[in-house]
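Numbering (the numbering used here), first residue to last: 5 to 44.
A virtual CB, placed ideally from N, CA and C, is assigned to each residue, including glycine.
All figures in this text were calculated on a predicted structure; none of them were measured in a lab.
Structure, as structure tokens:
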């Protein structure tokens, strides 16, 4: 069982502009959940 993981969530998110001007790219919604919730 995997107990530790590294989630690469750094950077400016310039490819997602203008959406990333108001929120971090990890919090951008996919359907009804933030992206980071799908990763975790």
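Worksheet entry | Bounding residues of the alpha helix (DSSP H) (the contiguous stretch that carries residue 42) | For residue 42, the enclosing alpha helix (DSSP H) has its first and last residue at 39-43.
Worksheet item: Between the Cα of residue 13 and the Cα atoms of 20, 7 and 30, which residue gives the shortest distance?
Response: 30
Discussion item. Tell me the rounded alpha-carbon separation between residue 21 and residue 32.
Written reply: Separation of residue 21 and residue 32 (C-alpha to C-alpha, rounded to the nearest whole angstrom) is 11 Å.
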